[in-house]
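Participant: The following block contains the structure, expressed as structure tokens.
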Amino acid sequence: MSSSSSSSSAKATTSPNALFLPFDPNSPLLVAKGVLTTGTLGAITGASIGVIQSKNPFALSINMTINLSIAGLTFFSIREYLVSPLLLSIELTPSHSRRLSQLRHGEGGLSEVQRGKLPSLSEVRWDRVSDSAIAGGLTGGVLSAAFRGRATFIKAGITSSLIASILQLSINQARVIRLKTLAKQQSTSSITLPPSPQNTLEGSVNDQNQSQSQITQSFEQPLKNPIPNTDINLESQKHEGNVTFPERMMNSLTKFLPVRKLTNEEYIQTLEKKRMEVNKRLREIDEEEKRMYDWAQSQNGTRS
1 MSSSSSSSSA KATTSPNALF LPFDPNSPLL VAKGVLTTGT LGAITGASIG
51 VIQSKNPFAL SINMTINLSI AGLTFFSIRE YLVSPLLLSI ELTPSHSRRL
101 SQLRHGEGGL SEVQRGKLPS LSEVRWDRVS DSAIAGGLTG GVLSAAFRGR
151 ATFIKAGITS SLIASILQLS INQARVIRLK TLAKQQSTSS ITLPPSPQNT
201 LEGSVNDQNQ SQSQITQSFE QPLKNPIPNT DINLESQKHE GNVTFPERMM
251 NSLTKFLPVR KLTNEEYIQT LEKKRMEVNK RLREIDEEEK RMYDWAQSQN
301 GTRS
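Read in order, the letters of the sequence shown are residues 1 to 304 in full-length UniProt numbering.
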């Protein structure tokens, strides 16, 4: 009994508790990157201001590096260790739900629907915006209250929240543009090099076979005897006197060249085939964009 009770207590301690907030294991690295980025931005900005205002650029660079590094450390620490875990625990948005599943179970924790349905571009644009807005408001309010007094907490918090939201939206928009660029490059390269999945390879082979059959049909059809149709012949006799010179040339060329004039129905069918090919190509581009999005997300995960 004692051994069973001890094992059950050990399982209880190792099992995840709902009271614990989900933390991203990459948070320390992300905070370090944020501090380095803000510090570098402060150094460049301070040196530029010093050169423009004819002041000591070194002193201004050091001053702004320290200030922005403190602000970056406060902001990213609050966001990664306080705000994001709280929003992940309540699953505020579908993006938070996906991130929570990945943190708890890895990529295998996602359902088939979540793995098959990638987030839309609008969802990518609004990723972590709420996290950054809340963290920016708290950071600006706390730092302003510490250096300028408690009365400036609300105003500084609102201003910092807006700035953080705009910066996060700009970063997300840059990610969207990058994903679109990668998708276009992948789609253009897939014209010469077919994609790796078997379905896409089979689709390309079918397209080639279909195009070859269309070419052979276009050369064989003019050589075959048309099906006699009295209605068509009567109507052609009626409009024979109104035939234009280009039509006469086309009719004469069809006698000894493998070309013929398309009827309205055949022209509509040709347009329908082209439309189907365009739709199929758009679906392939969409699949390539999804693959590139997965690759970019995995690259961002490894870098962060």
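Here a beta-carbon is modelled for each residue, glycine too, at the ideal position from N, C-alpha and C.
For W126, name the three-state secondary structure that DSSP assigns.
Facilitator: It is coil, neither helix nor strand.
Participant: Between H96 and the rest of its own chain, which residues show a CB-CB distance below 7 angstroms, the 5 nearest in sequence each way excluded?
Facilitator: Answer for H96: L87 and L88, listed in chain order.
Participant: Compare the C-alpha of L68 against each of V51, G46 and G50 and name the closest.
Facilitator: When each option's Cα is compared against that of L68, the closest is G46.
Participant: Counting along the chain, where does the alpha helix (DSSP H) carrying A47 start and finish?
Facilitator: Counting along the chain, the alpha helix (DSSP H) containing A47 begins and ends at S27 to I52.
Participant: Count the other CB atoms, across all protein chains shown, that sit within 10 Å of the CB of N151; report buried if there are 16 or more and exposed otherwise.
Facilitator: Reading off the sequence, residue 151 comes out as Ala, not Asn. Answer is exposed; the Cβ neighbour count stays below 16.
Participant: With a CB to CB cut of under 7 angstroms and the five nearest residues on each side skipped, what residues in its chain are close to L82?
Facilitator: Result list for L82: empty, nothing under 7 angstroms.
Participant: Compute the Euclidean distance between the alpha carbons of T188 and L282, then round it to the nearest angstrom.
Facilitator: One C-alpha to the other measures close to 12 angstroms.
Participant: Whose C-beta lies closer than 7 angstroms to the C-beta of F153 among residues of the same chain, with five residues either side of it excluded?
Facilitator: The answer, listed in chain order, is G141, S144 and A145.
Participant: Please look up how many angstroms separate the CB atoms of P85 and L21, rounded, as I've assumed it's under 8 angstroms.
Facilitator: About 4 angstroms separates the two Cβ atoms, so the contact holds.
Participant: Using three-state DSSP, classify F147 as helix, strand or coil.
Facilitator: It is helical.
Participant: For L41, which of S120, L60, R125 and N26 has the nearest alpha-carbon?
Facilitator: Nearest option by C-alpha distance: L60.
Participant: What separation, rounded to the nearest whole angstrom, lies between the Cα atoms of residue 306 and D131?
Facilitator: The structure shown does not extend to residue 306, since the chain spans only 1 to 304, so no value can be given for it.
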